[in-house]
């Protein structure tokens, strides 16, 4: 959030789109994410604290060792920047964030309750239920924000909000050991980020663009979709992905 605020501050005060230098920004995000993952590993119970849980399976757990720090940091930084890329149209980012927050509120509560965790055969994370309170707060704050961010928006979250909210979702996913499920529930954010990566890679390697414009919501704008059409259809996709992600709780 502080990194995003500084980026927004530079853009506003210097009246430029450049903002914070990209590599410096990513490096600082990575350092913060590594520190967060190290704290989570130290707080967790070994060896489970460095393990990657595979959804849809009861007992498939991969112990990544200290490589988990790099993996967890990638999830947090990736989630923050993916939400940042999604925040390009009025109301487009906040509703998927709210949907993901509501989903992880349920996951965190169930993972933090020994009885429910045992019944659903998911890994019990002591204290994880407290994160449901944070997710609930984001959901409520998001509703208030959406009132003013609905098209035409009078308030924007900017990098301050998008990086913080995305980083929060990534951190919660790492804390409750549902990193892969985040990629499903937050599939819209993944799609937005991948569209940019594919576009840049294709242009550098072949000189051709895959999409008319990236991130992908701008591609649909170029195809003639109206802004409300894009936003509401992307909301629908987010709901479907959230249901798919939550199904992993029972399909084991």
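Numbering (the working numbering), first residue to last: 116 to 367. Just so it is clear, CB atoms sit at the ideal spot from N, CA and C, and this is done for glycine as well.
Check, Outcome
"Three-state class that DSSP yields for residue 208 in the structure shown", "coil"
"Residue 169 burial status per 10 Å Cβ neighbour count (16 or more: buried)", "exposed"
"Residue burial classification, residue 165 (beta-carbon count within 10 angstroms, cutoff 16)", "buried"
"Delimiting residues of the alpha helix (DSSP H) encompassing residue 167", "Element bounds for residue 167: not the alpha helix (DSSP H) but the beta strand (DSSP E), 166–168."
"Spatial distance of residue 230 from residue 292 (CA atoms)", "17 angstroms"
"Whole-Å CB distance - residue 327 paired with residue 338, under 8 angstroms assumed", "7 angstroms"
"Inter-stretch contact at 8 angstroms, needing at least 3 Cβ pairs: the region 211–231 / the region 249–268", "yes"
"Rounded straight-line distance, which links the Cα of residue 127 to that of residue 196", "20 angstroms"
"Inter-residue Cα distance where the pair is residue 242 and residue 318", "46 angstroms"
"Sequence-distant residues of its chain with Cβ nearer than 8 angstroms to residue 244 (five each side left out)", "223, 224, 226, 227 and 228"
"Beta-bridge partners of residue 143, as assigned by DSSP", "Residue 143 pairs with nothing; no bridge assigned."
"Beta-carbon spacing of residue 118, residue 140 below 7 angstroms", "yes"
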